[in-house]
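Top line first, the protein sequences correspond to chains A and B.
Quick note: my numbering has the first sequence finishing at residue 417, numbered continuously throughout.
Quick note: my numbering has the second sequence finishing at residue 633, numbered continuously throughout.
Backbone N, C-alpha and C fix where the C-beta goes; we use that ideal spot for every residue, glycine too.
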Amino acid sequence: MATSTAVTVSVTTRVSRGLWHDAFRRLMRNGPAIVGMVFIAIFVFGAILAPIIAPYPPNVPGQLGNAMHGPSLIHIMGTDTQGNDEFSRILYGARISLTVGVVAVFFGLIGGTTVGAIAGGAGGIVDGILMRVIDVLLAVPGILLAIGIVAWLGHGEIQIMLAVGISYSPMFARLLRGSLLALRESDYVIAARSMGASPVRILVRHMLPNALTPLIVQATLAAATAIIDVAGLGFLGLGPGDPRIAEWGEMLTDSSRFLQSAPYLIFFPGAAIVISAIGFNLLGDGLREALDPRLKR
Amino acid sequence: MARFIVRRLLVAIPVLLGLSVILFLFLRLLPGGGPAEAILGQHATPQLVAQITAAEGLDKPLYVQYVAYLGRLLHGDFGASFIDGREVAGTFLIRFPATVELTIGALIFAVGLGIPLGRLAARHPNGWIDGVVTAISLFGISIPVFVLGYTLAFIFGVELHWLPTLGQNDPRLGVDPVTHFAIIDAILAGHWYVIDALAHLILPSIALGTIPLAVFTRITRASVIEVSNEDYVRTARAKGLTDRRVNDRHIMRNAWLPVTTVIGLETGALLAGAVLTETVFSWNGVGSWVVSSIQNHDYIVVQSLILIFASIFLTVNLIVDMGYAFLNPRIRYG
């Protein structure tokens with residue numbers, strides 16, 4: 121034992137930066153991923169600093185006389201149907217849209233990985249039952265599941281986070297379960313089992329850390345679709361439901377009415393959604409390449 | 300093959316049963332009082348609540364209600380809308396053709412453009428064409444259907460006046476709805492009205508088809524690159540076959556397999572995407588009906604439509620799996 125440790129140390133001192141450090145270095149050398157991080161950073165800073173940067177408050181009632189002015193030096197992105205400054209609303213909207221999207225993915229990740237870990241860890245009947253439940257959720261395609269859940273839970277930010285989170289959890293559950301099933305027969309897990317480690321310890325200490333990278337990549341990519349789905353719910357009138365809150369999707373509701381008179385009211389919030397989604401997609405692809413060097417082109 | 304189909308159908312049944320339980324409870328456990336109050340919404344008066352409760356048997360134990368609900372479903376009775384009193388099944392048959400037309404239009408756009416683009420990108424990996432194609436597909440998966448839909452409507456409808464942006468046909472033509480497929484009805488009506496129906500289909504199809512387009516492009520590119528590195532492709536080239544023959548016979552025949560699977564998966568996404576697309580283009584299909592039912596709190600319709608969407612999705616997946624077994628002789632489902 122002692123000699124083998126000595127040998128490992130002498131070998132590893134040269135490359136002991138570790139998996140995460142290496143992955144970070146690879147990520148930082150990936151041009152598109154950096155562009156993605158810049159896109160995300162712009163909106164994160166915009167959201168945090170909205171009260172400072174925004175030239176106007178996001179919602180002031182009773183300025184209909186100021187409504188639907190095109191972009192100008194006073195209102196760089198024009199004003200909306202209520203006379204509010206569109207640029208300010210997009211900055212404040214970033215708070216809702218990004219938070220709700222990211223938290224929804226987080227909810228889905230927690231729910232999905234819990235189910236996936238129990239199913240993949242326990243196997244047998246438990247696995248069978250949980251996977252049938254997942255099949256039921258997966259049978260409702262795409263955003264329709266989230267739409268149904270919001271229709272049931274009612275309006276509100278928490279409700280949207282839960283709805284989108286639940287609709288994403290089957291994906292994470294399957295992903296983790298698949299990795300765990302593959303890891304179960306790996307040498308180090310068999311070794312840990314033969315040394316008498318408890319099933320829970322094997323799961324938490326040995327299997328989960330090794331099943332983590334696909335989850336991180338998938339969660340980042342899911343953040344892009346979550347932002348799109350949350351905006352979709354808002355667009356359909358299933359958003360936070362509070363007219364005082366600016367939300368990108370809700371800003372696009374009834375767009376057909378101003379398709380002719382004020383197309384900029386579609387363009388700017390639309391661009392905000394697209395740019396932030398591109399940001400998370402680029403970062404997700406970059407993370408995939410950084411965390412799994414074998415995939416590198 | 301027959302045994303495979305039967306087995307897959309047997310797997311689909313518990314899934315649909317499970318979903319029917321959830322949807323049944325969805326209506327029974329709605330917030331805001333009992334199911335009768337939830338169904339009636341602001342129209343709820345004690346008399347109406349009592350009437351509905353008696354008519355629907357809402358005072359009976361839950362399992363009795365569920366068995367009755369299941370019995371009605373098996374007879375094709377999906378209940379009736381509380382807004383207009385019409386049978387869900389009847390309205391569905393009128394509206395579904397529009398959604399089918401839109402989905403087929405989007406699939407034709409996505410497959411017809413996505414596969415050639417993917418092949419083009421795979422020919423010179425990391426070249427400039429590949430870069431452009433990758434950028435297009437990144438944009439495609441990052442833009443919401445409704446943003447793209449309105450952008451297209453603005454450019455090609457409002458600014459250029461090239462294409463119509465609302466509905467399935469021009470109501471002034473007065474085409475009789477016979478089959479409720481706008482294109483077939485237009486053909487039946489004659490006078491080249493079919494051109495009008497096809498023109499109405501273009502923008503919604505592009506809006507709905509762009510996400511699948513991005514997905515098909517990516518998967519075709521990856522699949523073709525992978526197959527191109529196989530030994531049998533190198534052998535084919537070494538024995539002097541023409542480029543065309545290697546591409547068609549050796550590469551594409553094998554590269555098709557993952558692409559078909561993804562086409563099946565995306566068909567479900569198309570059905571869900573139709574909800575947003577139909578709202579943008581005032582398309583009288585099932586998708587816009589889901590939205591208006593939710594806005595009207597017409598929960599029986601919502602409940603039934605989710606179940607119907609899931610059944611269609613499972614059926615499409617079954618068909619795709621059968622197609623996969625047909626295309627890939629190495630896989631034989633026993």
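If you check each beta-carbon in the segment 596-609 of chain B against every beta-carbon of chain A, the ones closer than 7 Å belong to Val601, Ile605, Phe608 and Ala609. Not a single CB atom of chain A sits nearer than 8 Å to the CB of B:Leu512. Residue nearest to B:Leu500 within the set B:Gly466, B:Arg533, B:Tyr449 and B:Phe381 is B:Gly466 (criterion: CA-CA distance). DSSP places B:Phe455 in no alpha helix (DSSP H); its state is neither H nor E.
Using beta-carbon distances, A:Arg252 counts as an interface residue toward chain B, with a partner under 8 Å. In the DSSP secondary-structure assignment, B:Thr559 is not bridged to any residue. If the five residues before and after A:Trp368 are omitted, its C-beta is found closer than 6 Å to the C-beta atoms of Gly213, Ser217, Ala351, Pro389, Ala392 and Ile393, all from its own chain and listed in chain order. Taking a beta-carbon distance threshold of 8 Å, A:Ala153 does not count as an interface residue toward chain B. Under the Cβ distance rule, B:Ser591 does not count among the residues neighbouring chain A, no pair being separated by less than 8 Å. Against chain B, the CB of A:Gly359 has no partner CB under 8 Å away; the residue lies outside that interface. If you draw a straight line from the Cα of B:Ala421 to the Cα of B:Asp429, it is about 7 Å long. With respect to B:Ser436, B:Arg517 sits close: the two C-beta atoms are nearer than 8 Å.
For B:Phe377, same chain residues with a beta-carbon under 7 Å away, outside a window of 5 residues either side, are Val387, Ala388 and Ser603 in chain order. Listed in chain order, the alpha helix (DSSP H) runs fully inside the segment 353-384 of chain B are 361-373, counting runs of at least 4 residues. At a Cβ-Cβ threshold of 8 Å, B:Ala568 and B:Ile510 count as neighbours.
Here the segment 313-322 of chain B lies against the segment 257-267 of chain A, with 3 or more beta-carbon pairs under 8 Å apart. Restricting attention to beta strand (DSSP E) runs no shorter than 3 residues, the segment 478-565 of chain B encloses none. At a C-beta separation below 7 Å, A:Pro383 has these neighbours in chain B: Phe453. Annotation for A:Ala302: the continuous alpha helix (DSSP H) segment containing it runs Glu277 to Arg304. Near chain A, meaning a CB-to-CB distance below 8 Å, the residues of the segment 412-445 of chain B are Pro424, Asn425, Leu437, Phe438, Ile440, Ser441, Ile442, Pro443, Val444 and Phe445. Judged by DSSP in its simplified three-state form, A:Asp205 adopts strand.
The Cβ of A:Gln279 sits no closer than 8 Å to any Cβ of chain B. Per the C-alpha coordinates, the member of B:Val477, B:Asn468, B:Thr566 and B:Ser522 positioned closest to B:Asn546 is B:Ser522.
With fewer than 16 neighbouring CB atoms inside 10 Å of its own CB, B:Asp542 falls in the exposed class. At a beta-carbon threshold of 9 Å, the residues of chain A lying near B:Pro313 are Arg252, Asp255 and Val256, ordered along the chain.
For A:Gly228, the nearest beta carbon of chain B is not closer than 8 Å to its own beta carbon. With 16 or more other Cβ atoms inside 10 Å of its own Cβ, A:Ser375 counts as buried.
Annotation: B:Arg536 to B:Ile403 spans about 37 Å, alpha carbon to alpha carbon.
A:Trp140 is outside the set of residues whose beta carbon lies under 8 Å from a beta carbon in chain B.
For the pair A:Ile160 and A:Phe355, the CB atoms are not nearer than the 8 Å cut-off. Within the segment 382-406 of chain B, contact with chain A at the beta-carbon level (separation under 9 Å) is assigned to no residue. Neighbourhood of A:Ser375 in chain B, by CB distance below 7 Å: Tyr449, in chain order.
Contact between B:Gly448 and B:Ala498 does not hold, since their C-beta atoms are separated by about 16 Å, which reaches or exceeds 8 Å. Around the CB of A:Ile310, fewer than 16 other CB atoms lie within 10 Å, so the residue is classed as exposed. Of the residues B:Phe408, B:His374 and B:Leu369, the one whose Cα lies closest to the Cα of B:Leu324 is B:Leu369. Here the segment 199-206 of chain A makes no contact with the segment 142-152 of chain A; the two share fewer than three CB pairs at distances below 8 Å.
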